[in-house]
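K.L.:
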Amino acid sequence: MSGEEITVLQQRLTDAGCYTGAIDGKVSEALAAAKKACPDQEPVLRIETGMHVAAIKRAGVDANCRLAVTGSDDKTVRVWSLPEGRLLRTVRPPIGEGDLGKIYAVAITPDGRQIAAAGYDAHSAVDDKMGVYLFDAAAGDAARKIGDFDEVINDLAFSPDGARLAVAIDDNKGVRVLDLASGQQIMDDTDFHGPSFGVVFGPDGSLYAAGMDGFLRRYGPDLKRAVKIAAPSGKEPFKIAVDPSGRLLGVSYNRSVAIDIVDAKTLKLVVRADTHSVLGDDLGSVAWAFGGSRLAAGGTAVLPIGGNQSGVRTWLPNGRKVEADVPISSQTITSLRECADKILFATAVPSFGFLGASGDATTLRSGVTIDARNKLGAAFTISKDAKKVRFGLGNGIERPVLFDLAGGTLIDEPDSNATFLEPKVTGLRIRYWKDNLKPLIGDRQLDLHPHEGSRSLAIRTDNKAFVLGTDWAVYYTSANSAAGWHKRGPGIAWGVNLGKDDRLVVAAFGDGTIRWYRSTDGQELLSLFINAVDRRWVAWTPTGYYMASPGGEDLIGWHVNRGWAQQAQFFPASRFRDRFNRPDIVKLVLDTLDEDAAVNQANATAHRNTDTTPLLARLPPLIRFPPPADGGRVATPEATLDYAWRSPSRLPVDRIDVLIDGRPVKEVALPLRLADANTEVQGSLKIAMPPHDIEVGLIAWSGEIASEAARVTLTWTGPAAPKPQGRKLRALIAGVSDYEASDMALAYAAKDAHDFAHAIEGQNGGYYAEVETRVLVDRQVTRENLIDGLDWLAKQENGPDDVSVLFLAGHGLTDEKLTYWFLPSDATEEKAHSRGLSQDDVRRALTNVPGKVVWFLDTCYAGGAAKRTPVDMNVLLNTIASSENGGIVAFASSKGEETSIESSAWKNGAFTKALVEGVEQGKAAAFGGDAITTSMLDAFLQARVSALTDGEQHPVMNRPPQEADFTFALAMKP
């Protein structure tokens with residue numbers, strides 16, 4: 016380790032409370048001991064979608080059904096507001112490799128103030144001990160860690176008064192109860208001969224527990240065991256639920272569809288619920304609901320409701336089935352909780368939602384990962400060089416798409432490609448490899464772990480080796496088993512394939528990722544994650560270099576542990592954009608088969624050096640809003656907001672940008688250097704409150720390092736706002752067809768500019784009271800004139816509903832530093848820096864423009880220009896639409912490095928042709944209405960340009976996350 020790395024590590028361990036020695040740059044035994052005693056401090060790349068990306072294992076809800084909490088195999092705990100299912104915060108306990116940090120159990124106190132979470136505690140890597148993490152539900156902060164257990168924790172339950180916490184433990188470690196005030200253990204029952212997966216408190220404070228040793232147990236309010244009795248219907252009672260009256264207990268069973276209703280006092284059978292016609296393994300989750308009038312259960316079992324879905328069945332207290340079963344999910348129902356007059360359900364999809372008394376099911380949130388199941392045969396094909404992959408976003412080949420690494424695009428691909436390779440499954444005598452625990456090669460059983468199932472297979476073209484995808488890993492094995500490797504995966508390896516030359520193994524995993532491995536030794540080279548709903552994607556190397564679609568870069572980020580009793584930190588990838596947004600590296604890694612070699616080659620081409628600064632030394636500041644007074648409701652002309660910030664890397668925080676509805680309004684100077692990375696600096700801010708709802712945002716800066724934006728909504732409750740006097744639109748429009756360099760000539764860029772100006776001017780007196788345009792074409796388009804035009808836009812005194820527009824048509828390029836340049840009429844590729852207009856020029860001019868800003872770019876790689884450095888629209892749109900750059904809404908004519916197409920049939924570029932049709936002819940308006948919002952315009956442009964170009968060109972929009980959709984134009988009546 017370098018001296019700087021040692022110093023940074025010492026600081027981190029000191030801040031985490033593990034190291035008390037001097038920070039002097041010397042490696043010592045104390046430092047080594049502190050590193051061992053603390054959570055691993057190395058940043059870890061994680062996927063982040065705003066929703067769980069792995070199975071929800073448990074859900075909890077407060078007594079008033081206002082808050083829900085979910086815990087997942089993805090190692091996060093998430094808090095949701097009900098009934099709308101809005102994410103309030105993500106809580107991140109410390110994590111480690113493999114299963115370390117997975118959440119198997121969550122609970123929330125009846126008053127909704129505290130959250131408990133536990134599972135496979137990462138602390139067990141230190142001393143084999145596991146505990147429970149407690150968090151403040153309102154702020155998400157870790158209160159403390161309590162308990163000291165020898166095994167994984169499977170279930171948690173708070174007492175009705177919220178003062179005690181019951182813990183169900185794996186193996187034969189039994190059940191414990193902890194006092195929340197002291198953190199001390201006040202009861203333990205280790206008379207278990209198997210794991211416990213179910214604990215619940217009754218309304219009188221009695222505790223109930225189910226043991227997989229075949230017994231049910233009841234403990235009185237004094238926590239002394241009063242009853243231990245064999246479960247009526249099986250050897251493995253799994254989950255339990257007590258009715259609100261405290262008279263009855265519902266019991267489910269592992270690997271059985273039996274459901275029992277027992278007397279809560281004696282635990283003797285009252286009645287067996289009617290489970291006839293239930294198919295499958297179990298109805299493992301149970302809950303009393305609707306005031307105790309019904310018992311509900313669901314699990315892996317498929318109910319006779321049509322289709323292949325798990326569902327919920329309900330019974331009266333006498334065990335009689337109530338009405339029809341309700342289909343819920345294609346995967347296991349993992350949790351059921353009573354929630355006022357509904358049932359809150361959670362599934363392994365992952366998803367959660369409500370089930371009403373009338374049998375109506377509503378999913379509030381569902382995972383956005385691709386469904387990696389059955390990625391076999393034609394459902395998972397690759398090009399010969401493995402740089403293109405065709406697969407289904409849904410199960411198997413449902414919703415087929417094509418990812419092209421070299422082009423940086425993801426497009427629909429309904430038709431198969433004859434040149435693509437299906438996984439080869441013949442040539443070696445491998446049997447029972449699909450969904451089987453005992454695959455064979457010849458007559459020899461393959462060496463897998465106990466309970467590890469085989470899911471997918473690909474055999475080398477020369478039959479000398481094969482790849483096997485399993486529940487836990489990818490195996491590469493020679494045909495005679497003389498050599499091979501296996502790599503643990505992030506989920507089930509539902510599909511595997513091999514490139515034509517057998518250099519690369521490609522695998523599709525249950526966490527929604529596709530990953531590329533070097534076949535010689537299993538070294539991971541590249542990962543891809545796609546949001547299956549909105550098609551955003553990101554591809555990254557093990558070190559963290561990434562390329563992403565517009566809006567896709569924050570699908571990953573860095574998880575950084577702190578101390579054992581501290582919530583971990585998470586930093587979206589965009590916070591390190593300048594360092595890690597390197598599509599040039601990502602596109603090379605499958606050629607070099609080595610990340611370091613790809614970095615060196617890309618740096619040599621771009622004349623760049625690798626930044627070796629420890630990531631922990633350059634972490635961005637963190638800033639947050641505590642919950643505002645009165646829930647953010649404001650009726651006065653001025654609102655006061657509290658905020659808090661800290662600097663985890665101890666860098667000085669120079670300023671704080673204030674955003675109103677995504678647009679910067681002023682700066683707050685804070686030239687402070689923290690002495691302690693865990694110290695929060697408190698502050699307050701006065702906001703002039705307009706007579707309407709607003710979103711206030713804060714971005715803290717350490718030099719050029721920006722925090723993620725903190726946001727809070729203020730709701731106006733005063734007198735209604737007067738009607739606006741009239742919106743204004745001002746547009747700078749430039750198009751170059753006639754370049755000084757004759758080989759750069761375009762046919763229709765200047766006409767594009769005139770046609771767009773005409774379309775916008777048609778909005779004058781309609782949606783806008785005033786429209787003013789400045790149009791520059793051909794030789795008028797110089798850097799000087801463009802800068803003058805940008806200054807004109809920047810000096811306007813806009814209101815919040817006014818719109819500033821920049822439209823550029825012509826040639827553009829991305830230089831070796833990944834900076835975009837628009838080429839005016841007198842510019843060439845060689846003179847881009849001296850005569851061109853850069854993205855930084857635009858950003859500086861438009862960042863502080865009040866109101867809304869929209870940038871249209873019909874300027875990507877076109878014709879014979881920019882032969883060496885075509886525009887990478889993904890990089891550009893991610894940069895200009897980021898919060899810290901002022902929140903510009905950007906429309907681009909194409910994705911990645913696609914060509915923008917002109918045609919004499921239209922006498923326009925395809926993008927501008929569609930844009931004019933959408934605005935001037937009103938074709939972008941949806942559902943027969945008049946309003947054309949940015950989202951409607953985006954959807955129309957995508958469909959129309961694809962149709963015009965036979966699927967060769969795909970326009971894209973990127974809107975900052977804080978910028979709500981807004982009306983851009985009206986469909987004008989003829």
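Heads up: the sequence shown is residues 16 to 989, going by the working numbering.
From the three backbone atoms N, C-alpha and C, an ideal C-beta is built for every residue, glycine too.
Could you check the C-alpha separation between T843 and E932 for me, to the nearest Å?
P.N.:
Cα to Cα, T843 sits roughly 32 Å from E932.
K.L.:
Are there three or more Cβ pairs, one per stretch, closer than 8 Å when the region 341 to 361 is compared with the region 296 to 307?
P.N.:
Yes, since at least three Cβ pairs between the region 341 to 361 and the region 296 to 307 fall closer than 8 Å, the two stretches touch.
K.L.:
From T377 to T607, what does the alpha carbon distance come to, in whole angstroms?
P.N.:
Spanning the two alpha carbons is a distance of roughly 49 Å.
K.L.:
Classify K239 as helix, strand or coil using the three-state DSSP reduction.
P.N.:
In the structure shown, K239 sits in coil (DSSP, three-state: anything other than H, G, I, E or B).
K.L.:
Find the nearest neighbour of P125 within the set K283, C354, R73, I343, judged by alpha-carbon distance.
P.N.:
Comparing Cα positions, the closest option is C354.
K.L.:
Touch check for the region 106 to 114 and the region 382 to 390: three-plus C-beta pairs under 8 Å?
P.N.:
Judged by Cβ distances under 8 Å, the region 106 to 114 makes no contact with the region 382 to 390, as fewer than three pairs qualify.
K.L.:
Assuming the contact rule is C-beta atoms closer than 8 Å, I255 and L264 should be a hit. Round their C-beta distance to whole Å, please.
P.N.:
Yes, I255 and L264 are in contact; Cβ-Cβ is about 6 Å, under 8 Å.
K.L.:
When the Cβ atoms of the region 588 to 595 are set against those of the region 513 to 530, are three or more pairs found closer than 8 Å?
P.N.:
Counting Cβ pairs under 8 Å, fewer than three are found: no touch.
K.L.:
Is D375 buried or exposed, if buried means 16 or more other CB atoms sit within 10 Å of its CB?
P.N.:
It is exposed - the Cβ of D375 has fewer than 16 other Cβ atoms within 10 Å.
K.L.:
Cutting at 6 Å between CB atoms, please list the residues of its own chain near R414, excluding the five before and the five after it.
P.N.:
These residues qualify, in order along the chain: G407, L408.
K.L.:
So, under 8 Å CB-CB, R661 and P636 are touching, yes? Tell me the CB distance rounded to an integer number of Å.
P.N.:
Their Cβ separation, rounded to whole angstroms, is 7 Å, which keeps R661 and P636 in contact under 8 Å.
K.L.:
For a test of the three-state rule: what should DSSP assign to C33, helix, strand or coil?
P.N.:
The answer is coil: DSSP assigns C33 none of H, G, I, E or B.
K.L.:
Rounded to whole angstroms, what's the CA-CA distance from E812 to L744? Just pull it up for me.
P.N.:
Using only the alpha carbons, I get a separation of about 12 Å.
K.L.:
Please return the same chain residues whose Cβ sits closer than 6 Å to the Cβ of V696, not counting the five positions on each side in sequence.
P.N.:
These residues qualify, in order along the chain: W660.
K.L.:
Exposed or buried, A246, counting other C-beta atoms within 10 Å across all chains shown (16 or more means buried)?
P.N.:
With 16 or more Cβ atoms within 10 Å of its Cβ, A246 is classed as buried.
K.L.:
Got a sec? Which residues, its chain only, sit under 6 Å from G698 by beta carbon, not counting five neighbours each side?
P.N.:
Only Y658 meet the Cβ criterion.
K.L.:
Does DSSP put I445 in a helix, a strand or coil?
P.N.:
Three-state result, I445: strand.
K.L.:
Under 9 Å between the Cβ atoms of L861 and W836?
P.N.:
Against a cut-off of 9 Å, the Cβ pair of W836 and L861 comes out as no contact.
K.L.:
Determine the burial state of A847: buried for a count of at least 16 other Cβ atoms within 10 Å of its Cβ, exposed for fewer.
P.N.:
Counting Cβ neighbours within 10 Å, A847 comes out buried, since at least 16 surround it.
K.L.:
Can you look up A984 in the DSSP assignment and give me helix, strand or coil?
P.N.:
The answer is strand: DSSP assigns A984 an E or B state.
K.L.:
In the DSSP output, what is H574 paired with across the bridge?
P.N.:
Partner(s): V59, F585.
K.L.:
Taking the straight line between their C-alpha atoms, what separation do you get for E776 and N893?
P.N.:
Distance between the alpha carbons of E776 and N893: 29 Å.
K.L.:
From V971 to Q957, what distance separates their C-alpha atoms?
P.N.:
Computed Cα separation, rounded: 7 Å.
K.L.:
Where does L666 fall in DSSP's three states?
P.N.:
Here L666 sits in coil by DSSP.
K.L.:
Take the Cβ of T201 as the centre, count every other Cβ of all protein chains shown within 10 Å, and call the residue buried at 16 or more, exposed below.
P.N.:
In the sequence as presented, Thr is not what sits at residue 201; that position holds Ile. Exposed, by the Cβ-count rule.
K.L.:
Given a cut-off of 9 Å, decide if A762 and E967 are closer than it, judged by their beta-carbon atoms.
P.N.:
No. Outside cutoff.
K.L.:
Just checking, does the region 164 to 175 make contact with the region 135 to 145 on the three C-beta pairs under 8 Å criterion?
P.N.:
Taking 8 Å as the limit for Cβ pairs, the verdict is that the region 135 to 145 does touch the region 164 to 175.
K.L.:
Would you report the Cα separation of A760 and A984, rounded to the nearest angstrom?
P.N.:
Computed Cα separation, rounded: 32 Å.
K.L.:
Give me the residue from N495, L483, I123 with the minimum Cα distance to A153.
P.N.:
It is I123 whose Cα lies nearest to the Cα of A153.
K.L.:
So, is K701 buried or exposed, given that buried needs 16 or more other C-beta atoms within 10 angstroms?
P.N.:
Classification for K701: exposed.
K.L.:
Can you name the residues that DSSP bridges to L455?
P.N.:
Answer by DSSP bridge pairing, in chain order: R446, Q460.
K.L.:
Would you give the residue range spanned by the alpha helix (DSSP H) that R859 belongs to?
P.N.:
Where R859 is concerned, the enclosing alpha helix (DSSP H) stretches over 854 to 861.
K.L.:
For L543, count neighbouring Cβ atoms within 10 angstroms of its own Cβ and tell me buried if that reaches 16, exposed if not.
P.N.:
Label assigned to L543: buried.
K.L.:
What are the boundary residues of the alpha helix (DSSP H) that P598 is part of?
P.N.:
Start and end: 598 to 601.
K.L.:
Within this structure, are the beta carbons of A583 and Q26 separated by less than 9 Å?
P.N.:
Cβ atoms of A583 and Q26: not closer than 9 Å.
K.L.:
Tell me the rounded alpha-carbon separation between T834 and A78.
P.N.:
So the two alpha carbons sit approximately 53 Å from each other.
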